[in-house]
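Chemist: Numbering (the working numbering), first residue to last: 1 to 346. Cβ atoms here follow ideal geometry from the backbone N, Cα and C, with glycine treated the same way. Because the structure is a prediction, the values reported are computed rather than measured. Below you'll find the structure I mean.
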Ligand SMILES: NC(=O)c1ccc[n+]([C@@H]2O[C@H](COP(=O)([O-])OP(=O)(O)OC[C@H]3O[C@@H](n4cnc5c(N)ncnc54)[C@H](O)[C@@H]3O)[C@@H](O)[C@H]2O)c1
């Protein structure tokens, strides 16, 4: 088991990778705990949950709403959870985002911890302390920065993850490799069969490297005023694809990474071989899909992006495999590049 400590000015949070999730009992207070999970996780693992009251939500984005937070706060009240209470999330990014947000606002803040069960949440969503819910179609508009006490990433749980969810998580892993740890890319290139068969130890090592990188970034810039922006690599166009096509987050980010890689190459930030290597890796894992969207639609959706300042956006490029670079660009420059890619079939 490996441990990474996230040390921010206000809190300490421990990410435990390769730990058995059932050992979570040792980390919980004796009383005042409520477990939050979704139907899928409860069906698969509910029998082995620690003996505390359980609240079950529907799986998926539809549960990431403010009305859900209100409902859940009512449930916590009914269960007698007071200021000394604790919320344990057992689930993927949705359950963790909802639990984290609920814990940060319920009675002005109670403690929480996560058993992070999807690849996407292990490599990305449950590290960093961002919590939140959506506003209609727009993702994560209402939220807080609030660190859980601990996150357990048990890679044996990934064996029950549906195929498309697993592949979507791999895209996030590729993202971390591209912006911060070249060895993740080497491992994904050289161990295809073990990755596809979800080898527990190899995955634990990759999750560890991904979390270690993200933790380092978050420790330097918890509230996304600078460095943390690099974590949005592939997200500008990715969010547009996600909103328009309704595809899973990782597939949308993969499309965004493909465009951002070509854009980085067109600006001579990376060499041709590097560009080909990245696109080759996305293809190897079948993550390059052609999303048919007009340039006008892309522009409209990017302008909706909550991270934009005026008509400009912080766009994340790569400056080599394992190295990111952020430039502020007019949205129209990104849209023009997208139009160019479409017209030349790049
Ligand atoms: N807070 C952050 O920093 C951050 C970062 C990235 C993404 N996110 C958020 O994370 C969410 C996506 O996370 P996700 O992909 O985990 O989605 P999710 O929580 O909806 O999980 C995906 C599906 O897999 C199922 N599942 C999860 N673990 C399983 C397991 N071990 N076995 C079987 N089924 C399992 C879930 O029930 C669900 O149906 C989005 O809402 C996104 O906005 C947050």
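1. Applying the criterion that 16 or more other CB atoms from any shown protein chain within 10 Å of the CB defines a buried residue, is residue 222 buried or exposed?
2. So, for residue 69: in the same chain, excluding its five sequence neighbours on each side, which residues have a beta-carbon less than 8 Å away from its beta-carbon?
3. Suppose you measure from the CA of residue 430 to the CA of residue 315; what does that come to, to the nearest Å?
4. What is the rounded straight-line gap between the Cα of residue 91 and the Cα of residue 36?
5. Rounded to a whole number of angstroms, what is the C-alpha to C-alpha distance between residue 23 and residue 264?
6. Extract the residue ranges of the alpha helix (DSSP H) inside the segment 165 to 228, only unbroken runs of 4 or more that lie entirely within it.
7. Closest by CA to residue 281, which one among 162, 10 and 186?
8. Looking at residue 335 and residue 298, is the spacing between their C-beta atoms short of 7 Å?
9. Is the beta carbon of residue 87 less than 7 Å from the beta carbon of residue 34?
10. Tell me, please, which residues DSSP counts as bridged to residue 40.
11. Count the other C-beta atoms from every protein chain shown that fall within 10 angstroms of the C-beta of residue 242, then say buried if there are 16 or more, exposed otherwise.
12. Does the Cβ of residue 137 have 16 or more other Cβ atoms within 10 Å, making it buried, or fewer, making it exposed?
13. Out of curiosity, what's the CA-to-CA distance linking residue 190 and residue 164?
14. So residue 312 is in the alpha helix (DSSP H); what residue range does that whole segment cover?
15. Any idea which residues DSSP pairs residue 114 with across the strands?
16. Following a CB-centred definition, is residue 157 positioned closer than 6 Å to any heavy atom of ligand 1?
17. Roughly how far, in whole angstroms, is the beta-carbon of residue 289 from the beta-carbon of residue 251, given that I think they are within contact range, below 8 Å?
18. Considering only the beta carbon of each residue, do residue 120 and residue 168 sit closer than 7 Å?
19. Measuring only from the beta carbon, is residue 40 closer than 6 Å to any heavy atom that is part of ligand 1?
20. Distance, Cα to Cα, residue 228 vs residue 214?
21. Residue 257: which of 183, 278 and 269 sits nearest, CA to CA?
22. Given this structure, state the Cα-to-Cα distance separating residue 329 from residue 202, to the nearest angstrom.
23. Determine the extent of the beta strand (DSSP E) in which residue 329 is found, giving its start and end residues.
24. Counting only runs of 4+ residues fully inside the segment 262 to 286, write out the alpha helix (DSSP H) ranges in chain order.
Modeler: Short version:
1. One-based indexing of the chain shown puts residue 222 at position 222. Buried, because 16 or more other Cβ atoms sit within 10 Å of the Cβ of residue 222.
2. Working through the chain shown from its first residue, we reach residue 69 at position 69. The residues are 98, 101, 102, 105 and 133.
3. The chain is shown from 1 up to 346; residue 430 falls before or after that span and cannot be answered.
4. Looking up residue 91 in the chain shown gives position 91. Looking up residue 36 in the chain shown gives position 36. Residue 36 has its alpha-carbon roughly 8 Å from the corresponding atom of residue 91.
5. Here the question's residue 23 lines up with position 23 in the chain shown. Here the question's residue 264 lines up with position 264 in the chain shown. Roughly 44 Å between the two C-alpha positions.
6. 182 to 190, 192 to 196 and 200 to 220
7. If you number the chain shown from 1, residue 281 lands on position 281. It is 186.
8. Counted from its first residue, the chain shown places residue 298 at position 298. Counted from its first residue, the chain shown places residue 335 at position 335. A contact, by the Cβ cut-off of 7 Å.
9. Position 87 of the chain shown, counted from the start, is the residue given in the question as residue 87. Position 34 of the chain shown, counted from the start, is the residue given in the question as residue 34. Cβ atoms of residue 87 and residue 34: closer than 7 Å.
10. The residue you call residue 40 lines up with position 40 of the chain shown. BP columns for residue 40 are empty, so no partner.
11. Here the question's residue 242 lines up with position 242 in the chain shown. When all chains shown are included, residue 242 counts as buried.
12. Counting from 1 along the chain shown, the entry for residue 137 is found at position 137. Its Cβ having fewer than 16 others within 10 Å, residue 137 is exposed.
13. Translated into positions along the chain shown, residue 190 becomes position 190. Translated into positions along the chain shown, residue 164 becomes position 164. When rounded, the distance between both Cα atoms is 21 Å.
14. To locate residue 312, count along the chain shown from 1; it is residue 312. Residue 312 -> not in any alpha helix (DSSP H); beta strand (DSSP E) instead, spanning 312 to 318.
15. Locating residue 114 in the chain shown gives position 114, counting from the first residue. DSSP lists 89 and 151 as partners of residue 114.
16. Here residue 157 refers to the residue found at position 157 of the chain shown. The answer is yes for residue 157.
17. The residue labelled residue 289 in the question sits at position 289 within the chain shown. The residue labelled residue 251 in the question sits at position 251 within the chain shown. Confirmed, about 6 Å.
18. For the purposes of this step, residue 120 is taken as residue 120 along the chain shown, with counting starting at 1. For the purposes of this step, residue 168 is taken as residue 168 along the chain shown, with counting starting at 1. In this structure, residue 168 lies closer than 7 Å to residue 120 by Cβ.
19. As a first step, residue 40 must be located in the chain shown, where it is residue number 40. At least one heavy atom of ligand 1 sits closer than 6 Å to the Cβ of residue 40.
20. Here the question's residue 228 lines up with position 228 in the chain shown. Here the question's residue 214 lines up with position 214 in the chain shown. Those two C-alpha atoms are separated by around 9 Å.
21. One-based indexing of the chain shown puts residue 257 at position 257. It is 278.
22. Here the question's residue 329 lines up with position 329 in the chain shown. Here the question's residue 202 lines up with position 202 in the chain shown. Using only the alpha carbons, I get a separation of about 38 Å.
23. Along the chain shown, read from residue 1 onward, the residue named residue 329 stands at position 329. Per DSSP, residue 329 is one residue of the beta strand (DSSP E) stretching across 324 to 330.
24. 272 to 284
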